[in-house]
Amino acid sequence: MAALAPSAAALAPLPPPTRARHRRVTTRASPVSVRSTAATSSLVAPVPDSDFGRVVDGPALLSLPHAERRAVLREALERGSGLVLVPNLAGISPRTLVELSYAVGDVVEKNPGVAPEYLIPNVPEVQVIGNVRDERGALRAMFSRAPPLPTDRITGAPTLRYDPELRSPVWHTDQAFRDPPPFASLLYCVKSPPAGAGGDTAFADMTAACNALDTNRREELRKLRAVCSYAHHNAKVNRRTPTYPLLTPTQRAAHPPVAQRIIRADPDTNTESLYGFSSAVCAVIDEKDEVTPEDLDRYDLLGEEDASVRALMYDELLPFATGAEFTYRHSWTEGDLVVWDNLRTIHTATPFDERYDREMWRTTVAHETGGEAYLGASIG
Ligand SMILES: O=C(O)CCC(=O)C(=O)O
Ligand SMILES: [Fe+2]
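Under the UniProt record's numbering, the sequence shown has 181 at position 181, and the numbering climbs by one with no breaks.
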């Protein structure tokens, strides 16, 4: 894995990600009054040679009052197409991570339904991800093993571009079965394997990918909807991992499927992003169509996926949208925080040498207009 770790210096330069420069875009307006000033803008630095992502120094951010933290983070998200890197925060407490999450948005989720052993005691907003164990040897983090990266057929090097045959890397947006889906997430590195031992997280810019599509194709995609179902998601994962919980009939009834636009428009800023790369998608349909109750039963109860999903999302769009010009790969250093907009970016974990500890703290910031809190065991 490439070492992209920021050093302890303020605004430590990050090595350039392998991607081409693309156009600047903007993101949704904040619901609260956020004024960027010359002082706040000066804290937002570009990722070298890229318009995807912005860097904000951690200690400088922490020194600001709440309103200014929000101005900085919102400006960085807007200018960075939904990706912000905040190095140099080693040693912060879970409560400080929650405070920083409130600087991103007004609603920080309390993770109902996540097993309590995967939450920080008394700080339910913070979910632990990784392979760390308690003194009795029980996992105290949500652990899921990422498959090996595919190999580029020409260079022979590992690649982040999605391979439909291997179904790897597991690029996704989080919780697409919610309406609206969560707005943003924060992922903070407490412990990571040493350089070269893996555990990177990669991000892809779905606004740039959408803008790069052929105009006619984009017009066609605007009419399509990805049907996202929570019950389908859990049923599909359960086929591979039988311990994974299925929804009860009551839970299923409380979470009907949501038809998400494949091209998601942000009315505040006039941007469009590709959306819907999620294992919750059970079918892709025309805007005028509906899924029949019989088909929905197959998707939700048996975990079957309509062939339209593979054809459009996995065979066509995802390999395109995860090309090097749209992606950034983050190699973690302890104290790094990454904030991403879940509606404008997708992300994937990568494998790591499990002899080393990996401990990440994660919070979820809900969309301002709501969206029901999630119940299940998944973060995906
Ligand atoms: O562990 C990682 O690198 C990413 C995990 C993830 O998908 C998430 O936190 O939503
Ligand atoms: Fe995720």
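Quick reminder that beta carbons are idealized off the backbone N, C-alpha and C, glycines included.
- Within the stretch 214 to 258, the complete beta strand (DSSP E) segments at least 3 residues long are 224 to 228, listed from N- to C-terminus.
- When DSSP states are grouped into helix, strand and coil, residue 139 belongs to the strand group.
- The closest heavy atom of ligand 2 lies 7 Å or more from the beta carbon of residue 152.
- Residues of the same chain with a CB within less than 8 Å of the CB of residue 185, apart from the 5 flanking positions on each side, are 174, 339, 340, 342, 362, 363, 364, 365 in chain order.
- The C-beta distance from residue 76 to residue 56 rounds to 5 Å, short enough to fall under 8 Å.
- Sixteen is the threshold: when 16 or more other Cβ atoms of the shown chains lie within 10 Å of the Cβ of residue 88, as they do, the residue is buried.
- DSSP places residue 350 outside both helix and strand once states are collapsed to three, so it counts as coil.
- Taking the CA atoms as reference points, residue 209 sits about 43 Å from residue 137.
- In this structure, residue 282 and residue 316 do not form a Cβ contact; the two beta carbons are roughly 18 Å apart against a cut-off of 8 Å.
- Listed in chain order, the non-local C-beta contacts of residue 107 below 6 Å within the same chain comprise 366, local neighbours out to five positions each way being set aside.
- Three or more beta-carbon pairs separated by less than 8 Å are not found between the stretch 107 to 117 and the stretch 61 to 78, which leaves the two stretches without contact.
- As a beta-bridge residue in DSSP terms, residue 203 pairs with 328, 347.
- Residue 174 has its Cβ nearer than 7 Å to a heavy atom of ligand 2.
- In the structure shown, the three-state DSSP call for residue 188 is strand.
- If you draw a straight line from the Cα of residue 99 to the Cα of residue 359, it is about 20 Å long.
- Partner residues in the beta bridge of residue 198, as assigned by DSSP, are 352.
- DSSP, read as helix, strand or coil, puts residue 61 in helix.
- Residues 140 of the same chain have their beta carbon placed closer than 6 Å to that of residue 117, with the five preceding and five following residues left out of the count.
- Here residue 346 is not near residue 232, since their CB atoms are 8 Å or more apart.
- Boundaries of the beta strand (DSSP E) around residue 283: 281 to 286.
- The C-beta separation of residue 334 from residue 190 comes to about 7 Å, placing the pair in contact by the 8 Å criterion.
- Residues of the same chain with a CB within less than 6 Å of the CB of residue 192, apart from the 5 flanking positions on each side, are 199, 332, 358 in chain order.
- With a cutoff of 7 Å, residue 347 counts as near ligand 2, since its C-beta is closer than that to a heavy atom of the ligand.
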